[in-house]
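K.L.:
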Amino acid sequence: MTSPTLKSFIQQHTHFITDLETIIDTIIEKQHVYLYDTSAISIHEKAYFRYDEMLFLKKVQDTPVLITDVIAKEMRLIEDVEQRYMKYLQHFKTILYVEEQQLYDLLKVDFDVTGAKREFLGASEQAFTCIQPLRDTVRKARRSFQHAENIILDDYISFFVNKNDKNRGEISLLWTACVLNRLPGTFSITFIGIDHDLFSYVEQACLLGRNKDYNVYIMSNETLLQIDYGQHQNITKLQKLTDIYRNEDRKIMYFNRNEDIMHLIRQKSKLSNQDFIKKITCNQIQVVY
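So for the sequence shown, my numbering puts the first residue at 1; every next one is plus one.
1) Look at the alpha carbon of K7 and the alpha carbon of D243, and state the distance between them as a whole number of angstroms.
2) In this structure, does DSSP put N283 in helix, strand or coil?
3) Extract the residue ranges of the alpha helix (DSSP H) inside the segment 151-216, only unbroken runs of 4 or more that lie entirely within it.
4) What residue range is occupied by the uninterrupted alpha helix (DSSP H) comprising M86?
5) Output needed for M1: all residues of its chain with C-beta closer than 8 Å, excluding positions within five of it in sequence on either side, in chain order.
6) So I71 and Y34 are in contact, right, with Cβ under 8 Å, and what is the actual spacing, rounded?
7) Taking contact to mean at least 3 C-beta pairs separated by less than 8 Å, is the segment 171-181 in contact with the segment 117-130?
8) What residue range does the beta strand (DSSP E) around T129 cover?
9) Applying the criterion that 16 or more other CB atoms from any shown protein chain within 10 Å of the CB defines a buried residue, is L264 buried or exposed?
10) Below 7 Å CB to CB, which residues in the same chain sit around K93 once its five sequence neighbours on both sides are set aside?
11) Check whether the segment 38-58 touches the segment 79-94, taking contact to mean three or more Cβ pairs, one atom from each stretch, closer than 8 Å.
12) So who's on the other strand from Y36, going by DSSP bridges?
13) Quick one: using the 10 Å Cβ neighbour count with 16 as the cut-off for buried, is K117 buried or exposed?
14) Count the other CB atoms, across all protein chains shown, that sit within 10 Å of the CB of R50; report buried if there are 16 or more and exposed otherwise.
15) What number of angstroms, rounded off, separates the C-alpha of I78 from the C-alpha of H13?
16) Is the segment 244-253 close to the segment 214-229, with three or more CB pairs under 8 Å?
17) Applying the criterion that 16 or more other CB atoms from any shown protein chain within 10 Å of the CB defines a buried residue, is K212 buried or exposed?
18) For L134, which residues of its own chain have a beta-carbon under 7 Å away from its beta-carbon, when the five flanking residues on both sides are left out?
19) Taking the alpha-carbon positions, what's the Y214 to Q239 distance?
20) Measuring only the C-alpha atoms, how far is V98 from I151?
21) DSSP beta-bridge partners for Q267?
22) So who's on the other strand from M292, going by DSSP bridges?
23) Quick one: any contact between the segment 20-32 and the segment 182-202, if contact means 3 or more CB pairs under 8 Å?
24) Assign M262 to buried or exposed, taking buried as 16 or more other Cβ atoms, counted over all protein chains shown, within 10 Å of its Cβ.
25) What residues in its chain sit with their C-beta under 7 Å from that of N256, if we drop five residues either side in the sequence?
26) Does the Cβ-Cβ distance between Y289 and F199 come in under 7 Å?
27) Can you tell me which of the three DSSP states L96 falls into?
28) Candidates R142, Q11, K58, F111: which alpha carbon is nearest H232's?
29) Output the boundary residues of the beta strand (DSSP E) element that contains I78.
30) Does the beta-carbon of Q226 have 16 or more other beta-carbons within 10 angstroms, so that it is buried, or is it exposed?
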């Protein structure tokens, strides 16, 4: 469960929005929300403090950015004596903060109790596409409809305790996205991360088969770099930002281009910074993640 100390810290010492109705209204108003994974936040925070660069903020501008309590714990906001994460995040105009245990309550803002339970079951089933034990939990919860949300949350917590919370941050963002997608209104959801597990979870739950959702997107640092170069056509700037934001040992996903025609077989490989810059400036690839 979420530590009361963390919640009170968020409410007293940050500008994060925690009121559920305000969170929903903000997303609906802006018609877009970014879900920020710890892996990306860590790199972006270092880029800010070492080089005074804020590539993601320039992309986001005033669009809301959402983190969950799990992401906040991974950042160790309370323990961070230097408050580096806080100093970085305070530059974003709108940070939304949602706890996993509030996801059902988020649906109750716009649905009656029965409707909220049904939507919560559907969102949970979608979010847990790649986690069979939790899919089994959703089926169990459907048979005990009155207590469905408690059954799911209890089993979810137990599952990740046994897994030492491995990948819990990524799943918490995905679960939140699936819940948000059940709300009335049309808006886009974009994940920003580095970890390939995040991409796999999002792809399976939101981008393939019957779960395909055309309002869900995912991006990485390489995506941000390609977008920035497309806007400014500045090779010197691209070279500088590539050195700051890229890890050459990280495999990236992309489609090859040949004379502006995109090849439909997705590639996944390591690229040196030099090769990456060449392929971007010569329009030889379309970055996926």
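Glycine residues also receive a C-beta, built at the ideal position from the N, C-alpha and C atoms.
P.N.:
Let me spell this out:
1) To locate residue 7, count along the sequence shown from 1; it is residue 7. To locate residue 243, count along the sequence shown from 1; it is residue 243. Distance between the alpha carbons of K7 and D243 is about 36 Å.
2) Taking the first residue of the sequence shown as position 1, residue 283 is located at position 283. DSSP places N283 in coil when its eight states are reduced to three.
3) 168-180, 196-202
4) Within the sequence shown, numbered from 1, the residue matching residue 86 stands at position 86. Run containing M86: 84-89, per the alpha helix (DSSP H) assignment.
5) Mapped onto the sequence shown, residue 1 falls at position 1. Below a pLDDT of 50, predicted positions are generally treated as unreliable, and M1, at 46, falls in that range; the measurement from the model is reported next regardless. Cβ neighbours of M1 beyond the five flanking positions: Q101, I157.
6) Counting from 1 along the sequence shown, the entry for residue 71 is found at position 71. Counting from 1 along the sequence shown, the entry for residue 34 is found at position 34. Actually they are not in contact, since the Cβ atoms of I71 and Y34 sit about 12 Å apart, beyond 8 Å.
7) Contact between the segment 171-181 and the segment 117-130 is present, because at least three Cβ pairs lie under 8 Å.
8) Locating residue 129 in the sequence shown gives position 129, counting from the first residue. Segment: none, T129 is in no beta strand (DSSP E) and carries neither H nor E.
9) Taking the sequence shown and counting its residues from 1, one reaches residue 264 at position 264. Counting Cβ neighbours within 10 Å, L264 comes out exposed, since fewer than 16 surround it.
10) Counting from 1 along the sequence shown, the entry for residue 93 is found at position 93. Short of 7 Å from the beta carbon of K93, and not among the five residues preceding or following it, lie these beta carbons of its own chain, in chain order: D62.
11) The segment 38-58 vs the segment 79-94: in contact.
12) Reading the sequence shown from its first residue, position 36 is the one you call residue 36. Its beta-bridge partners are I192.
13) The sequence position of residue 117 within the sequence shown is 117, counting from 1. K117 is buried by the Cβ-count criterion.
14) Position 50 of the sequence shown holds residue 50. So R50 counts as exposed.
15) As a working note, residue 78 is residue 78 in the sequence shown. As a working note, residue 13 is residue 13 in the sequence shown. For I78 and H13, the gap between their C-alpha atoms comes out near 10 Å.
16) yes
17) Along the sequence shown, read from residue 1 onward, the residue named residue 212 stands at position 212. Result: exposed.
18) One-based indexing of the sequence shown puts residue 134 at position 134. F128, D155, Y156, F159.
19) Indexing the sequence shown from 1 puts residue 214 at position 214. Indexing the sequence shown from 1 puts residue 239 at position 239. Answer to the nearest angstrom: the Cα atoms are 32 Å apart.
20) Position 98 of the sequence shown, counting from 1, holds the residue named residue 98. Position 151 of the sequence shown, counting from 1, holds the residue named residue 151. Approximately 20 Å between the Cα atoms of the pair.
21) Locating residue 267 in the sequence shown gives position 267, where the first residue counts as 1. In DSSP, Q267 forms a bridge with Y254.
22) The displayed coordinates of the chain run from 1 to 289. Any statement about residue 292 would go beyond what the structure contains.
23) yes
24) Here the question's residue 262 lines up with position 262 in the sequence shown. Answer is exposed; the Cβ neighbour count stays below 16.
25) Looking up residue 256 in the sequence shown gives position 256. So the list reads H263, Q267, Q284, I285, once near-sequence residues are dropped.
26) Mapped onto the sequence shown, residue 289 falls at position 289. Mapped onto the sequence shown, residue 199 falls at position 199. Yes, the pair counts as a contact, with Cβ atoms nearer than the cut-off.
27) Stepping through the sequence shown from its first residue, residue 96 is reached at position 96. Looking at L96 - three-state DSSP - the assignment turns out to be strand.
28) One-based indexing of the sequence shown puts residue 232 at position 232. Comparing C-alpha distances from H232 to each of R142, Q11, K58, F111 shows the shortest one belongs to K58.
29) Indexing the sequence shown from 1 puts residue 78 at position 78. Taken as a continuous stretch (DSSP letters only), I78 belongs to no beta strand (DSSP E), as it is neither H nor E.
30) Looking up residue 226 in the sequence shown gives position 226. So Q226 ends up on the buried side.
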